[in-house]
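Notes to accompany the following structure.
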Amino acid sequence: MLPTPLEGPRLAVTDKRLESMQQFVKDVREMKLLEEKLCEPQMSKKEQKNAEKKLQKEREEREKQEKKDRKKREKQEKKDRKEREKQEKKERKEREKQEKKDRKEREKVEKKQRKEAAKNPSRYEELVSNLCSVQSQLETEKQTVLERDGLIHKLAEEKCSLQEELDQANQTVLERDGLIHNCSETGCKQNM
1 MLPTPLEGPR
11 LAVTDKRLES
21 MQQFVKDVRE
31 MKLLEEKLCE
41 PQMSKKEQKN
51 AEKKLQKERE
61 EREKQEKKDR
71 KKREKQEKKD
81 RKEREKQEKK
91 ERKEREKQEK
101 KDRKEREKVE
111 KKQRKEAAKN
121 PSRYEELVSN
131 LCSVQSQLET
141 EKQTVLERDG
151 LIHKLAEEKC
161 SLQEELDQAN
171 QTVLERDGLI
181 HNCSETGCKQ
191 NM
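Heads up: the sequence shown at position 33 corresponds to 33 in UniProt numbering, and the numbers run straight through without jumps.
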């Protein structure tokens with residue numbers, strides 16, 4: 001919506017006033033900054049040198065403190081490591097001691113069980129029976145193996161015998177063929 005002829009000059013005046021106020025605020029800020037800058041104390045060379053020395057001293061003290069803290073920390077870590085190793089060694093000894101104790105206790109229980117088994121005939125007979133059964137099975141398996149080996153040996157002997165008979169039969173055939181051949185040659189000579 002366009003301003004009316006009467007409102008136009010009013011708006012223009014308002015804009016000029018706003019622009020004027022903004023410029024005034026800007027000028028005030030610049031003057032304040034300039035004043036602060038002018039009021040700052042200028043350090044002399046001596047003061048500047050003293051300030052640098054102070055900074056250097058602070059830096060050296062800080063490094064010295066850091067070094068001290070590092071040594072203290074390393075010392076504490078070394079102490080903690082020794083304590084940890086000592087604790088681990090102690091725990092290992094206790095564990096080995098406990099294992100030895102458990103082993104003795106187990107051996108004691110096993111010895112007691114063996115004594116009770118010896119006192120209890122039925123249990124003893126059961127163990128002997130199981131042992132005899134296993135021994136019998138072992139002997140049976142052994143006999144089976146021996147019989148199998150014997151059968152293999154027997155078959156090998158039969159094979160050798162059959163081979164000999166075959167060789168003899170071949171020899172007989174060869175001799176017969178030679179005799180027939182000789183007789184044929186004799187007959188041929190007589191006919192001639």
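Just so it is clear, CB atoms sit at the ideal spot from N, CA and C, and this is done for glycine as well.
- Per the coordinates, the alpha-carbon of Lys90 lies some 20 Å from the alpha-carbon of Arg103.
- When the Cα atoms are used, Arg148 and Gln163 turn out to be separated by approximately 22 Å.
- The UniProt region "Disordered" (36 to 124) is shown to contain whole alpha helix (DSSP H) runs of 4 or more residues at 45 to 119, in chain order.
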